[in-house]
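Take 208 as the starting number for the sequence shown in the working numbering and just add one per residue. For glycine and all other residues, C-beta sits at the position ideal for the given N, C-alpha and C. Every value quoted in this text rests on a predicted model; they were computed, and no experiment measured them.
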Amino acid sequence: MTDLTSDTGASRLGGADLFNLELIRKYDKAGPRYTSYPTAPMFHEGVGADEYARTLARVADDPAPLSLYVHIPFCNTVCYYCGCNKIVTRQYERAIPYLDLLCQEIDLVADTMGYHEQHQGRKVTQLHFGGGTPTFLNDDQIRMLMHKLKQRFNFAPDDEGEFSIEIDPRECNEQTVAVLREVGFNRMSMGVQDFDPIVQKAVNRIQSREETLRVLNEAREQGFQSINIDLMYGLPHQTVETFDRTLDIIIDFSPDRIALFNYAHLPHMFMPQRRIDEGDLPSAQEKLNILEHSINKLLEAGYVFIGMDHFAKPDDELTIAQQQGKLYRNFQGYSTMADCDLIGLGVTSIGYVGGAFFQNQKDMAAYTEAVEAGNFPVFRGYVLSAEDHLRRHVIMRLMCDFALDFGWFEQRFDISFREHFADALQDLEEFAADGLVELQDDALRVLPAGRLLIRNIAMAFDEYLRKKKAESSFSKVI
Ligand SMILES: C[S@@+](CC[C@H](N)C(=O)[O-])C[C@H]1O[C@@H](n2cnc3c(N)ncnc32)[C@H](O)[C@@H]1O
Ligand code: SF4
208 MTDLTSDTGA SRLGGADLFN LELIRKYDKA GPRYTSYPTA PMFHEGVGAD EYARTLARVA
268 DDPAPLSLYV HIPFCNTVCY YCGCNKIVTR QYERAIPYLD LLCQEIDLVA DTMGYHEQHQ
328 GRKVTQLHFG GGTPTFLNDD QIRMLMHKLK QRFNFAPDDE GEFSIEIDPR ECNEQTVAVL
388 REVGFNRMSM GVQDFDPIVQ KAVNRIQSRE ETLRVLNEAR EQGFQSINID LMYGLPHQTV
448 ETFDRTLDII IDFSPDRIAL FNYAHLPHMF MPQRRIDEGD LPSAQEKLNI LEHSINKLLE
508 AGYVFIGMDH FAKPDDELTI AQQQGKLYRN FQGYSTMADC DLIGLGVTSI GYVGGAFFQN
568 QKDMAAYTEA VEAGNFPVFR GYVLSAEDHL RRHVIMRLMC DFALDFGWFE QRFDISFREH
628 FADALQDLEE FAADGLVELQ DDALRVLPAG RLLIRNIAMA FDEYLRKKKA ESSFSKVI
């Protein structure tokens, strides 16, 4: 088989290799982010709680490790740009009944898998608390929830597992950081977006450099292994000059990872975005200028472009995993943990268990009603076919390795790659002619100019997009 790992290291690339304005303009069209394949719009209500219960019981004693995702939906204030699944409230007491429901759901899952004190089953090597704002919970509530999880599941020691949490520095002090480390978290992702006061005011997220730095320093002090900072371009009033100042501050902080998200403005889907004056948004050209400038600056500062909005330091585990061909992708983005079953807990959570996706109720009342009745709150899902599994792997390897080794797929899936994907490879000939990919007899390599357009390349292998089913609901690629 072809060795594709040796030249996937993007560390040698400069911004000019990655950013080709003409090609970005030509190929920039609506597309999924492929945190799952098939993507969420394909989920349907034919897959529900019964199927979930059967699947959990079936995989309970598989030898592979487990991953857990816990969704805490609450936020104290609303950021107008936000497209996350959240409930905005200042009533901190709302966390109390929610925690109770989460504990009931944890018990239901663990009981269904036959786990008990003497047999806690599969090792949990990955945990992610997302939101919303997980630190909406107070320190005791965080301790209690982690205690519950560790009581019902078999957690790997925290020098072995990847245990991460999303932090809003406005909703977290040094003491909470210490508590997070004490209960086992060892990775952290912090929301920043932009430090410019005019931008912050326009999106209703006032967050100082000092409070962000305080949390970051405390996380380092406490020994968090990898710290990520989220930034966003395309927000109101942003210009290359204003965003440059934010980048200077962030580069000075020197986080292990930086996520640079493209603001997805979809006010018909996300109500708070209607409070953003569209006249204040940067033009398409200014957005591209900000992106180009940011890429140049981050690469010059020594970061490596991992793919799909993510940058990491050369010695970060994500960069190393990518160089070794051991990078994976799941609902939380890139990960170094092998593709494994993921149990989603909490309102709106999505899990991937036994080759199927399962999503919990998005509405708190419906979630509450199901859990209180002792039922799984799953309302839709998707059971992957053999063809879906094959394509899921193709898209995963493409997004993680920027390359496909046809021989590997032929051995693993018993296909002739060129015959099976003849239509996709034909579509990619135009990409090859434009210098985005290189098509070899036994491999496909994404060239530097194709890396920013990896979603568009992956779309060629998406059977459902080919059938024109889901296209209209996705955000723009760049
Ligand atoms: C759940 S939030 C982060 C955790 C925490 N609530 C906070 O705001 O700090 C996850 C990230 O999604 C990104 N995000 C939210 N809305 C977005 C949008 N409309 N377009 C692109 N990225 C978005 C932001 O970068 C945000 O930090
Ligand atoms: S960005 Fe974070 S804090 Fe702001 S509304 Fe969204 S989830 Fe809540």
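Cβ of residue i versus every heavy atom of ligand 1: is any distance shorter than 6 Å?
| i | result |
| --- | --- |
| Cys-379 | no |
| Phe-538 | no |
| Thr-342 | no |
| Glu-373 | yes |
| Gly-290 | yes |
| Phe-468 | yes |
| Gly-553 | no |
| Ala-471 | yes |
| Met-666 | no |
| Gly-238 | no |
| Asp-522 | no |
| Gly-398 | yes |
With a threshold of 6 Å, establish whether the CB of residue i neighbours any heavy atom of ligand 2.
| i | result |
| --- | --- |
| Asp-516 | no |
| Val-390 | no |
| Val-285 | yes |
| Gly-339 | yes |
| Cys-282 | yes |
If you draw a straight line from the C-alpha of residue i to the C-alpha of residue j, how long is it?
| i | j | result |
| --- | --- | --- |
| Pro-477 | Gly-290 | It is Phe, not Pro, that sits at residue 477 in the sequence shown. Near 6 Å, if we compare the C-alpha coordinates of Gly-290 and Phe-477. |
| Arg-173 | Ile-436 | Past the edges of the chain, shown from 208 to 685, lies residue 173, and the structure says nothing about it. |
| Gly-216 | Thr-526 | Low local confidence applies: a pLDDT of 46 at Gly-216 is under 50, so the model's placement there is unreliable, with the coordinate-based value given in what follows. Using only the alpha carbons, I get a separation of about 8 Å. |
| Asn-283 | Glu-389 | 25 Å |
| Ala-629 | His-335 | 38 Å |
| Leu-423 | Glu-507 | 22 Å |
| Tyr-574 | Cys-547 | 25 Å |
| Leu-672 | Gln-633 | 16 Å |
| Lys-674 | Tyr-589 | 17 Å |
| Lys-706 | Phe-512 | Absent from the structure is residue 706, since the part of the chain shown begins at 208 and ends at 685. |
| Ser-433 | Asp-523 | 7 Å |
| Gly-509 | Ala-577 | 49 Å |
| Ala-677 | Thr-246 | Below a pLDDT of 50, predicted positions are generally treated as unreliable, and Ala-677, at 46, falls in that range; the measurement from the model is reported next regardless. Roughly 9 Å separates the two Cα atoms. |
| Val-277 | Met-320 | 18 Å |
| Phe-460 | Thr-453 | 11 Å |
| Val-554 | Asn-567 | 6 Å |
| Met-439 | Glu-324 | 44 Å |
| Ala-223 | Gly-253 | 48 Å |
| Asn-227 | Phe-392 | 39 Å |
| Asp-403 | Thr-449 | 7 Å |
| Lys-569 | Arg-587 | 10 Å |
| Gln-531 | Ala-572 | 45 Å |
| Phe-360 | Lys-408 | 43 Å |
| Ala-593 | Asn-469 | 33 Å |
| Leu-442 | Gly-540 | 22 Å |
| Tyr-299 | Arg-421 | 23 Å |
| Gly-221 | Ile-502 | 9 Å |
| Ser-213 | Phe-609 | Any reading at Ser-213 must be qualified, since the residue scores a pLDDT of 41, below 50, and its modelled position is unreliable; no value is offered. |
| Thr-419 | Val-399 | 8 Å |
| Ser-396 | Glu-373 | 5 Å |
| Leu-315 | Pro-364 | 24 Å |
| Leu-306 | Leu-275 | 16 Å |
| Cys-379 | Arg-350 | 15 Å |
If I follow the unbroken alpha helix (DSSP H) through residue i, where does it start and stop?
| i | result |
| --- | --- |
| Gly-222 | 222-225 |
| Gln-407 | 404-410 |
| Lys-355 | 346-359 |
| Val-422 | 416-428 |
| Tyr-559 | From DSSP, Tyr-559 is part of no alpha helix (DSSP H) but of the beta strand (DSSP E) over 557-560. |
| Asp-574 | The sequence given here places Tyr at residue 574; Asp does not occur at that position. Tyr-574 -> alpha helix (DSSP H) spans 571-579. |
| Cys-310 | 302-319 |
| Val-447 | 447-460 |
Any heavy atom of ligand 4 closer than 6 Å to the Cβ of residue i?
| i | result |
| --- | --- |
| Lys-293 | Although ligand 4 was asked about, the structure shown includes only ligand 1 and ligand 2 as ligands. |
With DSSP as the reference, identify every bridge partner of residue i, one or two as the case may be.
| i | result |
| --- | --- |
| Ile-374 | Met-397 |
| Met-439 | Phe-468 |
| Leu-651 | Leu-611, Leu-646 |
| Gly-514 | His-517 |
| Ile-294 | Phe-281 |
| Arg-536 | Tyr-541 |
| Ser-433 | Arg-394 |
| His-251 | Gly-588 |
Would you give the residue range spanned by the beta strand (DSSP E) that residue i belongs to?
| i | result |
| --- | --- |
| Ala-466 | 464-469 |
| Phe-609 | Taken as a continuous stretch (DSSP letters only), Phe-609 belongs to no beta strand (DSSP E), as it is neither H nor E. |
| Leu-549 | 548-552 |
| Val-590 | 585-590 |
| His-335 | 330-338 |
| Ala-563 | 563-567 |
| Asn-663 | Here Asn-663 belongs to no beta strand (DSSP E); instead the alpha helix (DSSP H) covers 661-666. |
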